[in-house]
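Single-structure report; data block below.
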Amino acid sequence: MPWLYLANTKIMATFEPRTDIDGGLAARRYAHIIGWGMAVPDTALSNDELSTFVETNDEWIFARTGIRQRYIADEGESTATLAYRAAQQALEVADILPTDLDLIVVATSTPENIFPSTASLVQDWLNAHEAGAFDLSAACSGFVYALNMAADSIRAGSIKAALVIGAETMSRILDWQDRSTCILFGDGAGAVVLQASDAPGGVLSSVLRSDGAGGDLLAIPSVGSIDANESRAGANGYKLYKMYMAGGEVFKFATRVVSESIEQTCKLAGISVKDIDLVIPHQANLRILQAASRKLGIDIRKFMSNVEHYGNTSAASIPIALCDAIEQKRIQDKNHIALVGFGGGLTWAAMVIRWGVPKPSEQHSSLLNRQRRHVQYRIAKWRSRSRRWRRRVNRKVQDMRN
Ligand code: UT7
Numbered sequence: 130m131p132w133l134y135l136a137n138t139k140i141m142a143t144f145e146p147r148t149d150i151d152g153g154l155a156a157r158r159y160a161h162i163i164g165w166g167m168a169v170p171d172t173a174l175s176n177d178e179l180s181t182f183v184e185t186n187d188e189w190i191f192a193r194t195g196i197r198q199r200y201i202a203d204e205g206e207s208t209a210t211l212a213y214r215a216a217q218q219a220l221e222v223a224d225i226l227p228t229d230l231d232l233i234v235v236a237t238s239t240p241e242n243i244f245p246s247t248a249s250l251v252q253d254w255l256n257a258h259e260a261g262a263f264d265l266s267a268a269c270s271g272f273v274y275a276l277n278m279a280a281d282s283i284r285a286g287s288i289k290a291a292l293v294i295g296a297e298t299m300s301r302i303l304d305w306q307d308r309s310t311c312i313l314f315g316d317g318a319g320a321v322v323l324q325a326s327d328a329p330g331g332v333l334s335s336v337l338r339s340d341g342a343g344g345d346l347l348a349i350p351s352v353g354s355i356d357a358n359e360s361r362a363g364a365n366g367y368k369l370y371k372m373y374m375a376g377g378e379v380f381k382f383a384t385r386v387v388s389e390s391i392e393q394t395c396k397l398a399g400i401s402v403k404d405i406d407l408v409i410p411h412q413a414n415l416r417i418l419q420a421a422s423r424k425l426g427i428d429i430r431k432f433m434s435n436v437e438h439y440g441n442t443s444a445a446s447i448p449i450a451l452c453d454a455i456e457q458k459r460i461q462d463k464n465h466i467a468l469v470g471f472g473g474g475l476t477w478a479a480m481v482i483r484w485g486v487p488k489p490s491e492q493h494s495s496l497l498n499r500q501r502r503h504v505q506y507r508i509a510k511w512r513s514r515s516r517r518w519r520r521r522v523n524r525k526v527q528d529m530r531n
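If you want the numbering used here, it's the 1-based position in the sequence shown plus 129.
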């Protein structure tokens, strides 16, 4: 079946496994973003609509946060479906096949389940059967953590291509009676494809940090190794499965770590803060970005902000902002981009990327690749169903034998 062959043959050709000739140093590997995509639900919820069922108003929300609206997942949508849509777009831009992927990481605080992971669901739906998959929990810093893990694996030579996704359905864990949190968050997903290349650039440096002593400032008490019952959550002032945030404390923490960690990661990358062309921060509150811009001495116009349209989408906010920045042509070749995330844990993370999108040298025509991707998505559905069906038949046969 030639179409099956076409769909399953790897097309990445830039990077063959490294061979050390005469024991010499192998070529240095770099991890470049070569694809990006995002997805939000269809339904937008404006501040005015919110104020019909929560005691708040558009003036307060916009003045204190910069948010005008957010997207809310409909019944059929979930973290995994949003992640899948963003992933398909990212693969389209990268123009590689799902079977070219070696790793899928989904950063999320609202996973589909504890396990199977959201990443494994996406892996199955994409037919990325050569990839490992796992979820990563670092709240709103999760995307930068995940990108760092994937970039390190590429640079170490253990993988060639990774799909890194930030995806959330925050609307499902909000306390819609708590006006101090429910007005802030929204749903969405963003994804990037990271690929090995010998062209210098890509992810240059990162700083990952945590301060567990601040864990009680921002939390979603849920199922875990401790007894997560209502009364225990209540004793701590929390509601089970609902987000709790001490907003003022988190605000102070955020303004401190954004500037500090950008300075640290710039130093590691060997550049000055002044060399940063665009900061893509976690989109929590416009006032946090204004404070960070003052502290760093970077013009606020160099801070990407789209919080107005999406609210705070936690781990999804940075890749969504990256997609918007590319769409608005705010990123050019060789630009230095700083990503910075902060949130529950407490956690924070910053990264410097030198932008450049080295595509595979041996490209098939894009149209052909697109067709091959679509064949793979179809195969994925058929493959999963047939495997489940086979398992069921085997069980029945086993039962009949016993
Ligand atoms: O993504 C994870 C990281 N998260 C963050 O970085 C969030 C950081 N925190 C924040 O962005 C801000 O602290 C908030 C936006 C959450 C709150 O802003 P604030 O300026 O710190 O407001 P506040 O909590 O100090 O409240 C000020 C006043 C209070 O009234 P009184 O006591 O001064 O009379 C609140 O009751 O605003 C009142 N208020 C509201 N009024 C209308 C609080 N929430 C609302 C609301 N609508 N939704």
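Yeah, the Cβ is synthetic: ideal placement off N, Cα and C, and Gly gets one too.
Closest by C-alpha distance to Ala509, out of Tyr159, Ser249, Leu179 and Ala215, is Ser249. Take the alpha-carbon of Phe244 and the one of Ile427: they are about 42 angstroms apart. Under the three-state reduction of DSSP, Val387 is assigned to helix. For the options Ser495, Asp404, Ala444 and Tyr439, the alpha carbon positioned closest to that of Arg483 is the one of Asp404. Take the alpha-carbon of Ser282 and the one of Val486: they are about 19 angstroms apart.
When DSSP reads this structure, Met167 sits in a beta bridge with Gly319. By the CB criterion at 7 angstroms, Ser300 and Ile455 fall outside the cutoff.
Annotation for Ala383 indicates a beta carbon within 6 angstroms of some heavy atom of ligand 1.
Glu184 sits exposed, since fewer than 16 C-beta atoms from the chains shown fall within 10 Å of its C-beta.
Classified as exposed, Ile429 has fewer than 16 neighbouring CB atoms from the shown chains inside 10 Å of its CB. The three-state reading of DSSP puts Pro227 in helix, counting H, G and I together. The DSSP-derived three-state label of Gln461 is coil. The beta carbons of Ala478 and Ser238 sit about 15 angstroms from each other, so the pair does not count as a contact at 8 angstroms.
Look at Asn435: its beta carbon is at least 6 angstroms from all of the heavy atoms in ligand 1. Judged by DSSP secondary structure, Asp177 falls outside any beta strand (DSSP E) and instead within the alpha helix (DSSP H) spanning Asn176 to Leu179. Beta-bridge pairing by DSSP links Ala325 to Ala160. Using a 10 angstroms sphere on the CB of Ala325, the tally of other CB atoms reaches 16 or more, which defines it as buried. A Cβ-Cβ contact shorter than 7 angstroms links Ser246 with Asp264.
For Ala202, the three-state secondary structure derived from DSSP is coil. Here the stretch 203-218 does not lie against the stretch 265-278, with fewer than 3 beta-carbon pairs under 8 angstroms apart.
In this structure, the alpha-carbon of Pro170 lies about 7 angstroms from that of Asp316. Asn435 sits in coil when the DSSP states are folded into three classes, being neither helix nor strand. Burial check for Thr394: the Cβ neighbour count within 10 Å reaches 16 or more, so the residue is buried. Judged by DSSP in its simplified three-state form, Ala267 adopts coil rather than helix or strand. In the same chain as Ile417, and ignoring 5 residues on each side of it, the C-beta atoms closer than 8 angstroms to its own belong to Phe380, Ala383, Thr384, Val387 and Pro410, in chain order. Under the three-state reduction of DSSP output, Pro350 falls in the coil class, being neither helix nor strand. In the displayed model, Thr298 falls within a strand according to three-state DSSP. In this structure, DSSP gives Met529 a helical state, which the three-state scheme calls helix. For Trp477, the three-state secondary structure derived from DSSP is strand. In this structure, the straight-line span from the alpha carbon of Gly261 to that of Val526 is close to 31 angstroms. Per DSSP, reduced to three states, the secondary structure at Pro410 is strand. Residue environment analysis places Gln457 among the exposed positions, since fewer than 16 neighbouring C-beta atoms fall within 10 angstroms of its C-beta. Secondary structure of Ile288 (DSSP, three-state): coil.
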